[in-house]
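Chains as they are written, first to last, in my numbering: chain A, 1 to 359; chain B, 360 to 718.
We put the CB at the ideal spot given by N, CA and C, even for glycine.
Protein chains: 2
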Amino acid sequence: MGTDDMAKARQDGAGSEAARRRLQMADIARLAGVSTATVSRALNNSPLVNAETRGRILELAASLKYSINIGAQNLRLKQNRTIGVLIPYDRKTHLRLTDPFLLAMLGSVADALTEQGFDMLFSRLPTDRLGEAAATPFDTGRVGGIILVGQWGRHHELNELAARKVPMVVWGAHLPQQLYCCVGSDNVGGGMLATEHLIAQGRRRIAFFGDIDLPEPAQRYRGYCAALARHGIAVDPALQVSSPFLPSGGREAVETMQARGVDYDAVFACSDLLAMTAIDSLRAHGRRVPEDVAVVGYDDIEQSAYFHPRLTTVRQPIGAAGSALVASLLALIDGKPAPAVELPTELVVRASAGEAQGS
Amino acid sequence: MGTDDMAKARQDGAGSEAARRRLQMADIARLAGVSTATVSRALNNSPLVNAETRGRILELAASLKYSINIGAQNLRLKQNRTIGVLIPYDRKTHLRLTDPFLLAMLGSVADALTEQGFDMLFSRLPTDRLGEAAATPFDTGRVGGIILVGQWGRHHELNELAARKVPMVVWGAHLPQQLYCCVGSDNVGGGMLATEHLIAQGRRRIAFFGDIDLPEPAQRYRGYCAALARHGIAVDPALQVSSPFLPSGGREAVETMQARGVDYDAVFACSDLLAMTAIDSLRAHGRRVPEDVAVVGYDDIEQSAYFHPRLTTVRQPIGAAGSALVASLLALIDGKPAPAVELPTELVVRASAGEAQGS
DNA sequence: ATGAAAGCGCTAACAT
DNA sequence: ATGTTAGCGCTTTCAT
Numbered sequence: 001m002g003t004d005d006m007a008k009a010r011q012d013g014a015g016s017e018a019a020r021r022r023l024q025m026a027d028i029a030r031l032a033g034v035s036t037a038t039v040s041r042a043l044n045n046s047p048l049v050n051a052e053t054r055g056r057i058l059e060l061a062a063s064l065k066y067s068i069n070i071g072a073q074n075l076r077l078k079q080n081r082t083i084g085v086l087i088p089y090d091r092k093t094h095l096r097l098t099d100p101f102l103l104a105m106l107g108s109v110a111d112a113l114t115e116q117g118f119d120m121l122f123s124r125l126p127t128d129r130l131g132e133a134a135a136t137p138f139d140t141g142r143v144g145g146i147i148l149v150g151q152w153g154r155h156h157e158l159n160e161l162a163a164r165k166v167p168m169v170v171w172g173a174h175l176p177q178q179l180y181c182c183v184g185s186d187n188v189g190g191g192m193l194a195t196e197h198l199i200a201q202g203r204r205r206i207a208f209f210g211d212i213d214l215p216e217p218a219q220r221y222r223g224y225c226a227a228l229a230r231h232g233i234a235v236d237p238a239l240q241v242s243s244p245f246l247p248s249g250g251r252e253a254v255e256t257m258q259a260r261g262v263d264y265d266a267v268f269a270c271s272d273l274l275a276m277t278a279i280d281s282l283r284a285h286g287r288r289v290p291e292d293v294a295v296v297g298y299d300d301i302e303q304s305a306y307f308h309p310r311l312t313t314v315r316q317p318i319g320a321a322g323s324a325l326v327a328s329l330l331a332l333i334d335g336k337p338a339p340a341v342e343l344p345t346e347l348v349v350r351a352s353a354g355e356a357q358g359s
Numbered sequence: 360m361g362t363d364d365m366a367k368a369r370q371d372g373a374g375s376e377a378a379r380r381r382l383q384m385a386d387i388a389r390l391a392g393v394s395t396a397t398v399s400r401a402l403n404n405s406p407l408v409n410a411e412t413r414g415r416i417l418e419l420a421a422s423l424k425y426s427i428n429i430g431a432q433n434l435r436l437k438q439n440r441t442i443g444v445l446i447p448y449d450r451k452t453h454l455r456l457t458d459p460f461l462l463a464m465l466g467s468v469a470d471a472l473t474e475q476g477f478d479m480l481f482s483r484l485p486t487d488r489l490g491e492a493a494a495t496p497f498d499t500g501r502v503g504g505i506i507l508v509g510q511w512g513r514h515h516e517l518n519e520l521a522a523r524k525v526p527m528v529v530w531g532a533h534l535p536q537q538l539y540c541c542v543g544s545d546n547v548g549g550g551m552l553a554t555e556h557l558i559a560q561g562r563r564r565i566a567f568f569g570d571i572d573l574p575e576p577a578q579r580y581r582g583y584c585a586a587l588a589r590h591g592i593a594v595d596p597a598l599q600v601s602s603p604f605l606p607s608g609g610r611e612a613v614e615t616m617q618a619r620g621v622d623y624d625a626v627f628a629c630s631d632l633l634a635m636t637a638i639d640s641l642r643a644h645g646r647r648v649p650e651d652v653a654v655v656g657y658d659d660i661e662q663s664a665y666f667h668p669r670l671t672t673v674r675q676p677i678g679a680a681g682s683a684l685v686a687s688l689l690a691l692i693d694g695k696p697a698p699a700v701e702l703p704t705e706l707v708v709r710a711s712a713g714e715a716q717g718s
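Here it is as structure tokens:
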């Protein structure tokens with residue numbers, strides 16, 4: 001008992017100096033006058049324990065607020081009901097997690113994991129270390145699998161992780177030679193919906209705000225070009241601005257267009273954030289939305305519904321996204337095939353472009 | 360070796376059927392021709408290993424992408440560098456995590472934890488189970504401490520957790536007889552700032568949108584009343600609407616005022632979300648902001664800067680909030696005293712109430 | 001129905 | 001400088 005007590009007295013690190021020693025199974029066993037094996041069985045509802053014994057143990061544990069140490073249990077069981085969720089950030093631009101779409105995705109994934117009884121380990125990671133560090137939570141055994149929100153131009157490195165059999169699902173665009181399981185929405189279709197709508201509104205000079213070096217905006221741009229082509233409108237490169245997904249993006253894009261001196265009567269922005277900040281900037285330049293410039297956003301984040309003017313946008317099913325990501329990952333972890341999922345996109349017509357001029 | 364292999368072959372639960380067996384220290388030791396103790400020392404930069412040996416081991420581990428199993432390490436070290444972050448939800452109202460302020464707080468805490476080298480275990484919890492379940496991640500040994508965003512009217516239960524020595528820091532209002540460590544901002548001061556500003560704009564019929572049954576709005580209301588009193592303006596209960604922090608809150612508050620038939624020339628809303636949705640609704644009722652009704656929000660979430668009209672609001676230092684919460688919690692875990700922290704609030708004057716009528 | 005004992009992957013005395 | 005060994009808190013054979 002001597003060494004035992006000494007070990008228990010040793011308190012350390014990011015540990016437990018404040019709280020007194022955590023209760024453990026041996027304590028419950030001693031107090032209940034049984035072995036730890038019986039306590040374990042009782043707590044895990046094994047049919048091998050006498051009902052009376054089980055009742056006594058459960059009561060004791062509850063009154064003492066004892067819970068099984070999950071770390072030890074996981075170690076013994078070689079299981080892990082925690083999922084790592086990664087939202088990378090671009091070192092060059094901003095460190096703060098403020099993008100409403102990403103935040104909404106985070107909420108959606110959190111809700112889906114909660115529903116499935118999984119915990120969520122949330123990490124941020126600089127994009128330039130994605131390849132080397134994305135798998136760390138898995139390699140260290142902290143999580144059973146990883147959900148990565150966004151590809152961040154690291155397609156190749158993600159493929160390497162998949163080749164290493166890291167259980168991982170990525171939110172992003174479907175790409176050729178994609179080894180990792182990818183869940184995303186129909187970007188080409190979304191781009192077409194937005195552009196077709198603007199054309200139907202009589203717009204012909206439609207600016208495109210979005211970084212076409214990234215897979216998702218690139219596919220939306222393809223949809224945009226396809227819609228223009230269908231109506232015999234030439235694609236004008238001067239109408240495309242490679243805006244990053246940042247609050248400053250919309251303003252900068254409008255300034256860029258101003259500097260180019262190119263005329264335009266509509267904007268298709270690759271996120272609602274870009275659309276909103278662009279509208280704010282257009283207004284500052286004295287251009288009315290939608291009268292002078294019609295604007296269509298992308299995502300349909302909640303704020304779009306009460307922005308002024310209410311935002312016409314391409315809806316990504318954010319709620320369904322979380323469920324789909326989680327479902328695919330759990331399948332992967334289970335050793336089942338997890339094919340790519342493409343969720344539908346849908347045009348939501350509001351005042352910033354379209355009939356509903358009410359707001 | 361026989362049993363060993365059998366054990367290794369056993370694959371289970373939310374486990375690892377897909378991936379092949381995870382590498383472990385014993386593998387590295389065997390391949391490097393040393394004992395696991397030496398590998399452990401090398402990987403932990405102990406000065407007790409020969410430089411050459413260490414180099415060989417590190418290289419081997421890196422090339423094999425081996426990382427120490429944190430669960431096992433934690434078990435052995437009785438430490439835990441994971442912090443639980445809880446954002447509760449109200450069962451009656453909404454399940455989805457979409458509140459931009461909460462999301463921003465989450466981002467802020469995540470960034471602060473990352474900076475301190477801690478991982479974040481994120482959970483949602485229904486408010487009606489806060490008392491019983493908030494400590495679960497700690498009781499199960501998953502986390503070394505807990506950050507709870509919001510008090511959610513569970514002051515008493517939170518005190519019980521604190522009495523149980525659960526290392527926990529709560530974002531919220533400072534209350535009398537507060538046993539738990541509380542980090543919040545100056546709500547009374549914030550309420551005064553907002554109201555004083557509206558009075559200075561010549562407004563006299565200032566509506567207050569916020570649920571004064573909750574601690575933070577209650578304190579802001581006290582500031583509001585104090586400012587009115589200082590200017591000899593009577594507090595009119597008909598001007599107060601108990602709006603919940605929901606996207607529907609602003610609209611409902613405006614409808615309520617409409618139904619009451621009470622006249623008002625200003626609104627002080629307890630969150631930017633309420634302010635924005637109220638403005639949207641005022642506009643739908645044909646009332647101009649700020650000409651007919653001046654509106655001041657609360658929080659200064661990022662969107663406030665490009666909302667139309669740009670929102671005058673009481674800034675809560677969201678970035679500092681995350682750092683303060685984390686700092687206090689780490690102190691608590693370290694056994695050091697963690698006194699309550701009250702962060703300053705500050706008025707940000709923009710177009711929705713104030714001089715800057717530009718936007 | 002219960003207990004003894006081994007072992008999950010790791011670290012730290014204690015040896016050498 | 002390195003190996004041996006015990007043990008972190010738990011589950012699960014295998015005995016009884």
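Linking Gly609 of chain B to Lys437 of chain B through their CA atoms gives a straight-line distance of about 48 Å. Phe481 of chain B: member of the beta strand (DSSP E) spanning Asp478 to Pro485, first to last residue.
Taking C-beta atoms as the reference points, Thr452 of chain B and Leu605 of chain B count as a pair closer than 7 Å. Ala62 of chain A: not part of any beta strand (DSSP E); member of the alpha helix (DSSP H) spanning Ala51 to Ser63, first to last residue. By alpha-carbon distance to Leu179 of chain A, the top candidate from A:Glu196, A:Arg154 and A:Leu106 is A:Arg154.
Counting only Cβ-Cβ distances below 7 Å, Asn69 of chain A has contacts in chain B at Thr499 and Gly500, in chain order. The straight-line gap separating the alpha-carbon atoms of Ala226 of chain A and Arg205 of chain A is approximately 15 Å.
Chain B has no Cβ within less than 7 Å of the Cβ of Asn45 of chain A. Rounded to the nearest angstrom, the Cβ distance from Gln316 of chain A to Thr345 of chain A is 6 Å, consistent with a contact under 8 Å. Listed by position along chain B, the residues whose Cβ is nearer than 7 Å to that of Phe122 of chain A are Ala469, Met479 and Phe481.
Runs of the beta strand (DSSP E) lying entirely within the region 206-269 of chain A and spanning at least 3 residues, in chain order: 206-209 and 266-269. Below the 7 Å Cβ cutoff, chain B contributes Gly430 as neighbours of Asn74 of chain A, in chain order. Beta-bridge partners assigned by DSSP to Ile442 of chain B: B:Met479 and B:Gly504.
Put simply, of B:Cys629, B:Ala385, B:Leu462 and B:Val502 the residue whose alpha carbon is nearest the alpha carbon of Tyr583 of chain B is B:Cys629.
Counting only the Cα atoms, Thr256 of chain A lies some 14 Å from Leu274 of chain A. A contact between stretches requires three or more CB pairs, one per stretch, nearer than 8 Å, and the region 486-500 of chain B meets this requirement with the region 439-448 of chain B.
Against Ala104 of chain A, the close residues of chain B are Thr457, in the order they occur along the chain (beta-carbon pairs closer than 7 Å). Comparing alpha carbon positions, the residue from A:Asn187, A:Leu329, A:Val169 and A:Ala51 closest to Thr313 of chain A is A:Asn187. Taking 9 Å as the cut-off between beta carbons, the residues of the region 285-312 of chain A near chain B are Ile301, Glu302, Gln303, Ala305, Tyr306, Phe307, His308, Pro309 and Arg310, in sequence order. Taking 7 Å as the threshold, the shortest C-beta distance from Thr114 of chain A to chain B falls below it.
DSSP places Arg488 of chain B within a helical segment (H, G or I) once states are collapsed to three.
Under DSSP, Pro447 of chain B forms a beta bridge with B:Leu484. Within the same chain, Met120 come within 6 Å of Ala110 of chain A by CB-CB distance, once the 5 residues on both sides are set aside.
Pro126 of chain A and Trp152 of chain A have their alpha carbons spaced roughly 10 Å apart.
Using a CB distance below 9 Å, the part of the region 587-619 of chain B facing chain A consists of Pro606, Gly609 and Arg610, ordered along the chain.
Selection B:Ile427, B:Lys424, B:Gly504 and B:Pro406 evaluated against Leu689 of chain B yields B:Gly504 as nearest (Cα-Cα). DSSP lists no bridge partner for Tyr539 of chain B.
The CB of Asp90 of chain A never comes closer than 8 Å to any CB in chain B; the least such distance is about 14 Å.
When secondary structure is reduced to three states using DSSP, Thr312 of chain A falls in the strand class. Exposure of Gln617 of chain B is indicated by the presence of fewer than 16 other C-beta atoms within 10 angstroms of its C-beta.
Per DSSP, the unbroken alpha helix (DSSP H) holding Glu157 of chain A starts and ends at His155 to Ala163. Taking the C-beta atoms as reference points, Val296 of chain A is found nearer than 7 Å to Ala194 of chain A. Taking 7 Å as the threshold, the shortest C-beta distance from Asp280 of chain A to chain B falls below it.
Leu198 of chain A is not a Cβ neighbour of Ala112 of chain A, given a cutoff of 7 Å. Taking 7 Å as the threshold, the shortest C-beta distance from Thr277 of chain A to chain B falls below it. Taking each of B:Phe666, B:Val613 and B:Val621 in turn and checking the Cα distance to Ser640 of chain B, the smallest one comes out for B:Val613.
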